[in-house]
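In this note's numbering, the protein residues as written are 110 to 275.
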């Protein structure tokens, strides 16, 4: 009886209400890009990252970073080879999978970053599926026995922490 009485109620057209209130939102209001991830760091700082696949303009991005014409302070990394990217400081001219990162970025600034990249923005969780695991295992010297009792992420964090402690 409860459901049938609810169905018989004369409810207002919510789409009309939404359209009316939508006009009250300022046109320059900026929402975060759905796939970007914000990490909260110490002292109120943030690190915002977005992951892109099928990138077609990595050569142009690389050249703009090298010649200093890139207006935004942003880092681009080849997401499939992050360790090598960090060593070499960036992407190659043939990178198709890019992780863009910026400290203390506003949503509007990250939208500007996204406009620079000709590619598809994807969920950051996909980074796990695209990582070159054999190369990661080799670089961090992680054995299969260690992965029986620990996750790959934990093993990497332990090595980074140990290196920082030395």
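Every residue gets a Cβ at the ideal spot worked out from N, C-alpha and C, and that includes glycine. A quick note: this is a predicted structure, and the numbers were derived from the prediction, not measured.
When 167, 264, 254 are compared against residue 205, the one with the closest alpha-carbon: Here residue 205 corresponds to residue number 96 of the chain shown, with the count starting at 1. The residue with the shortest Cα to Cα distance from residue 205 is 167.
beta-carbon residue 211 near the ligand PLP non-hydrogen atom, thresh 8 angstroms: No copy of the ligand PLP occurs in the structure displayed, which carries no ligand at all.
Beta-carbon proximity check, residue 208 vs residue 159, cutoff 9 angstroms: Here residue 208 is taken as the residue at index 99 of the chain shown, counted from 1. Here residue 159 is taken as the residue at index 50 of the chain shown, counted from 1. Yes, these two residues count as a Cβ contact at 9 angstroms.
Residue 220 versus residue 176: straight-line alpha-carbon distance, rounded: In the chain shown, residue 220 corresponds to position 111, counting from 1. In the chain shown, residue 176 corresponds to position 67, counting from 1. Each residue's alpha carbon lies about 23 angstroms from the other.
When 171, 233, 227 are compared against residue 148, the one with the closest alpha-carbon: Residue mapping note: residue 148 aligns to position 39 of the chain shown, counting from 1. The option with the nearest alpha carbon to residue 148 is 233.
Identified DSSP bridge partners for residue 230: Start at 1 with the first residue of the chain shown, and residue 230 comes out as number 121. Note: residue 230 sits in a beta bridge opposite 161.
Where residue 205 sits in the DSSP three-state scheme: By 1-based counting over the chain shown, the position of residue 205 is 96. Coil.
DSSP-derived helix/strand/coil call for residue 247: The sequence position of residue 247 within the chain shown is 138, counting from 1. Looking at residue 247 - three-state DSSP - the assignment turns out to be helix.
Simplified DSSP assignment, three categories, for residue 146: The residue you call residue 146 lines up with position 37 of the chain shown. Three-state result, residue 146: strand.
Assumed close pair residue 213, residue 164 - CB separation to whole angstroms, cut-off 8 angstroms: To locate residue 213, count along the chain shown from 1; it is residue 104. To locate residue 164, count along the chain shown from 1; it is residue 55. Incorrect: roughly 24 angstroms between the Cβ atoms, too far for contact.
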